[in-house]
Ligand SMILES: [Zn+2]
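Residue numbers (full-length UniProt numbering): 1 to 275.
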């Protein structure tokens, strides 16, 4: 079964599976660095309207702002539901989304969205300065501060549709991944990490996620984000997609790699050739 996908920047993807448009982690607002760390951040409604005209469901991997802050605006406009953790659902409701348009999920859950089977898999999240964990504040008044977006749980998602398996792997750990034709995963891990992950997933197509600099406006060509700090040093280089591709090739020589242009629609023809 052919299907379409678009990369929406950051960890955001749109999958068009049959008649259903499913969005994962939409984040198009991209507030400036200073605004992100010290100001209140509100969704860029014009960008969301332009680039996400329709949507039948939104899956959120976790409650940090760069994964969930744009979801309520899209859900309110399109009338769709947002599926996510307890914190994600509460943040949606605090943004004005009716509770009926939220679905609280947990690791191990399975549910259907039209003809798509969704499996929720527990995922590990890295420590990043400013990106907090734990209980949400009792009072949440929009627009929020960065530190108000607190993560309780993080999920990967397996989507199954007419024999095709798509894995959105959000975890920093490579273990426990199911088999999947298409895999999207982080771009900054070791050779051993990709060896382990791809041995389990046996994927024929891999896409990097969460690699671009989200402090740049959407109007700029995406460029790689700073690499994670090592050993307490300040961040120096930027994420190297050539390294990512080399490691995936080494781990799975027959697997194709796609670094999509932002917002461009790609047709996927299983076993995962692109057109
Ligand atoms: Zn996060």
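The C-beta atom is built at its ideal place from N, Cα and C for all residues, glycine as well.
Taking 7 Å as the cut-off, the beta carbon of residue 33 is found no closer than this to the beta carbon of residue 12.
Between ligand 1 and the CB of residue 51, the shortest heavy atom gap is not smaller than 6 Å. Residue 246 is positioned such that its CB atom lies no closer than 7 Å to that of residue 171. Residue side-chain check: residue 157 keeps its Cβ at 6 Å or more from all non-hydrogen atoms of ligand 1. Judged by beta-carbon spacing, residue 130 lies within the 7 Å limit of residue 146, meaning their Cβ atoms are closer than that value.
DSSP places residue 7 in the uninterrupted beta strand (DSSP E) bounded by 3-9. Between residue 197 and residue 174, the C-beta spacing is below 7 Å. Under DSSP, residue 41 forms a beta bridge with 144. Here residue 212 is bridged, per DSSP, to 224. For residue 120, the enclosing beta strand (DSSP E) starts and ends at 116-122.
Between the alpha carbons of residue 267 and residue 5 lies a distance of about 7 Å. DSSP, reduced to helix, strand and coil, places residue 74 within a helical segment of the structure shown. The closest CA to that of residue 214, considering only 111, 10, 2 and 3, is found on 10.
In summary, residue 30 is buried, with 16 or more beta-carbon neighbours lying within 10 Å of its beta-carbon over all protein chains present.
A straight line joining the alpha-carbon of residue 239 with that of residue 221 spans about 15 Å. Taking a contact as a CB-CB distance under 8 Å, the pair residue 142 and residue 187 does not count as one, their CB atoms being some 32 Å apart.
Residues 204 of the same chain have their beta carbon placed closer than 8 Å to that of residue 254, with the five preceding and five following residues left out of the count. Between residue 77 and residue 191, the alpha-carbon positions lie close to 42 Å from each other.
Proximity of the beta carbon of residue 131 to ligand 1 is indicated: a heavy atom of the ligand is located closer than 6 Å. For residue 157, the secondary structure class from DSSP, reduced to helix, strand or coil, is strand. In this structure, 208 is the residue among 208, 139 and 132 with its C-alpha nearest to the C-alpha of residue 167. In this structure, the alpha-carbon of residue 99 lies about 15 Å from that of residue 57.
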